[in-house]
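Enquirer: Per the UniProt record's numbering, the very first residue in the sequence shown carries number 1; after that it's consecutive. Quick reminder that beta carbons are idealized off the backbone N, C-alpha and C, glycines included. Just so you know, these numbers come straight off a predicted model, no measurement behind them.
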Amino acid sequence: MARERIDMWLEKSSEVWTAQLRPSGWGRYGNAVFLGGWLCGWAVGEVVALGVLVRSLWARVLPGLQVGLPDIEPASSPLSVWGLLFMGVWLTGWTVGGIFALRRLRALLVSEARLSFNRAGVTREWRLGPWWSRFHLERGALVDVDLGGPRGALFATLTTGKTVDLLRGGTAEQRRELLDALRERLSLAWDESSQVRHTPPGWDGEPLPAGGWVLRSPHEARQRQGRVWSVAALGLAACAVLLTWRLLLNGGLRAGVLFAAVIAVLAALAAVMARRGFQGPESWEVRRGALVHARHGLFRTRRTEYASPELNVERTLDEDGDIRFDLWVRAKRMHWQLASSFNTPRGLLHLGNWLAHRLGSPLILSPPDLGNTEPVPRRDG
Numbered sequence: 001m002a003r004e005r006i007d008m009w010l011e012k013s014s015e016v017w018t019a020q021l022r023p024s025g026w027g028r029y030g031n032a033v034f035l036g037g038w039l040c041g042w043a044v045g046e047v048v049a050l051g052v053l054v055r056s057l058w059a060r061v062l063p064g065l066q067v068g069l070p071d072i073e074p075a076s077s078p079l080s081v082w083g084l085l086f087m088g089v090w091l092t093g094w095t096v097g098g099i100f101a102l103r104r105l106r107a108l109l110v111s112e113a114r115l116s117f118n119r120a121g122v123t124r125e126w127r128l129g130p131w132w133s134r135f136h137l138e139r140g141a142l143v144d145v146d147l148g149g150p151r152g153a154l155f156a157t158l159t160t161g162k163t164v165d166l167l168r169g170g171t172a173e174q175r176r177e178l179l180d181a182l183r184e185r186l187s188l189a190w191d192e193s194s195q196v197r198h199t200p201p202g203w204d205g206e207p208l209p210a211g212g213w214v215l216r217s218p219h220e221a222r223q224r225q226g227r228v229w230s231v232a233a234l235g236l237a238a239c240a241v242l243l244t245w246r247l248l249l250n251g252g253l254r255a256g257v258l259f260a261a262v263i264a265v266l267a268a269l270a271a272v273m274a275r276r277g278f279q280g281p282e283s284w285e286v287r288r289g290a291l292v293h294a295r296h297g298l299f300r301t302r303r304t305e306y307a308s309p310e311l312n313v314e315r316t317l318d319e320d321g322d323i324r325f326d327l328w329v330r331a332k333r334m335h336w337q338l339a340s341s342f343n344t345p346r347g348l349l350h351l352g353n354w355l356a357h358r359l360g361s362p363l364i365l366s367p368p369d370l371g372n373t374e375p376v377p378r379r380d381g
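Below is the structure:
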């Protein structure tokens, strides 16, 4: 099998290009030292909390079999039951957090990412000790690949608007070289006609019954936030029910009743946040000649309409001298920053052209060539 090694990390074999990269940069060692110190404290807290919890449960369940352990008077107040329940929930979260931190520490030091691609699609493999993951993206599901964020991670934009991380390791130069190779091998067209057909990266687009479109944050992000708040609401509600039940059995104090009421109120607020989480923090309704921004708060939704809006992509420098691109919507002394990006304006131009096509308004670039970052497809009206 013919095999051509382009570089120590990139090789071509039978029309398949493969990049194999590990984490790079001295900054990761600083993060690793911080995580290592935190994990030492985590281990101490884990042992102490687990010991207290086990001994307390032992004293309640088997009070006569505490061989070799000092006597523990089983607590009978409702707050002691609540304390044990709280410690169990806290210890669960503490353990899960430590496991994720440990995986992150190993990822900073010894993880390996492999990216294989040809004209049919791209495959990513990630390994970290005994853990590994693999996924494949067909060429027909891809709209673009780009670098995003201050550190320039390589990601892919799908036809649904979803973005998928492809690579975070390696140096900035390696990721840039890999980006150019991916665009060339996958023949990714980057023009206005392609952008207006596909949902912009990082958004979910849905048609409205009365005409027009609505843009929301990605479905996965909304589901994740909603599930987190749902679990919090269920946990708080369970605590409130158990505490109330204990108070009814033993005749609790007024302070205990008040405490149970506070927990119930927190559970209700968490349930409202769960509903808002599934809905998303904001949405944009796109109609011909008008853009409506809906911000979903805790108890109400605020709607702002931009009639005959102007869309503008601006190139600026931040306080550190890094290049920054912003997409603004402006109309009659009102303005709002729709999105921002570092390193490249491709994602903003995709969103801007998609909106401009449906609004029937021009997309204005400032400066007109955006600093010659790369060829710019634009909609003039």
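When the Cα atoms are used, what is the spatial distance from Met1 to Asp146?
Expert: The pLDDT assigned to Met1 is 42, lower than 50, so where the model puts this residue is not dependable; a value taken from the coordinates is nonetheless given after this. The straight-line gap from Cα to Cα measures roughly 31 Å.
Enquirer: Which value, in whole angstroms, describes the spacing of the CA atoms of Leu167 and Arg175?
Expert: Cα to Cα, Leu167 sits roughly 8 Å from Arg175.
Enquirer: Give the single residue among Thr171, Arg302 and Asp144 whose Cα lies nearest to the Cα of Ala113.
Expert: Answer by Cα proximity: Thr171.
Enquirer: In this structure, does DSSP put Arg315 in helix, strand or coil?
Expert: Three-state result, Arg315: strand.
Enquirer: Within the region 186-258, note down every full alpha helix (DSSP H) run reaching 4 residues or more, in order along the chain.
Expert: Whole alpha helix (DSSP H) segments, 4+ residues: 192-197 and 219-250.
Enquirer: Can you round the beta-carbon distance between Leu359 and Gly289 to whole angstroms, since I take them to be within the 8 Å contact cut?
Expert: The Cβ separation is near 6 Å, so the contact holds.
Enquirer: May I ask which residues mark the beginning and end of the alpha helix (DSSP H) holding Arg358?
Expert: Start and end: Arg346 to Leu359.
Enquirer: Look at Trp284 and His296 and say whether their C-beta atoms are less than 7 Å apart.
Expert: In this structure, His296 does not lie closer than 7 Å to Trp284 by Cβ.
Enquirer: Near Leu215, what residues of its chain come up, given a Cβ to Cβ distance below 6 Å and the 5 sequence neighbours on each side ignored?
Expert: Answer for Leu215: Trp203, Gly205 and Trp284, listed in chain order.
Enquirer: Using 7 Å as the threshold, is the C-beta distance between Ala274 and Gly226 below it?
Expert: It is a contact, given that the beta carbons lie within the stated cut-off.
Enquirer: Starting from Glu11, follow the beta strand (DSSP E) in both directions and report where the run begins and ends.
Expert: Element bounds for Glu11: Leu10 to Ser13.
Enquirer: Which whole-angstrom value is the C-beta distance of Met44 and Gly235, which I expect to be below 8 Å?
Expert: Residue identity differs from the one stated: residue 44 is Val in this sequence, not Met. Incorrect: roughly 26 Å between the Cβ atoms, too far for contact.
Enquirer: Please classify Asn353: is it buried, with 16 or more other beta-carbons within 10 angstroms of its beta-carbon, or exposed?
Expert: It counts as buried.
Enquirer: Only counting runs of 3 or more residues, tell me where the beta strand (DSSP E) segments fall wholly within the region 128-154, in order along the chain.
Expert: The qualifying runs are 131-138 and 142-148.
Enquirer: Given a cut-off of 7 Å, decide if Glu314 and Asp326 are closer than it, judged by their beta-carbon atoms.
Expert: Cβ distance < 7 Å, so Asp326 and Glu314 count as in contact.
Enquirer: Quickly, what does DSSP pair Ser56 with across the bridge? List them, please.
Expert: Beta-bridge pairing links Ser56 to no other residue.
Enquirer: Rounded to whole angstroms, what is the Cα-Cα separation between Trp229 and Ala268?
Expert: Taking the straight line from one Cα to the other gives about 11 Å.
Enquirer: Can you grab the Cα-Cα spacing for the pair Leu179 / Asp318, in whole Å?
Expert: Each residue's alpha carbon lies about 25 Å from the other.
Enquirer: Using the Cα positions of Arg55 and Met87, report the straight-line distance between them to the nearest angstrom.
Expert: Taking the straight line joining both Cα atoms gives about 12 Å.
Enquirer: I'd like to confirm something about Leu258: is its beta-carbon nearer than 6 Å to some heavy atom of the ligand SAM, or not?
Expert: Judged by which ligands are present, the structure shown has none, so any question about the ligand SAM falls away.
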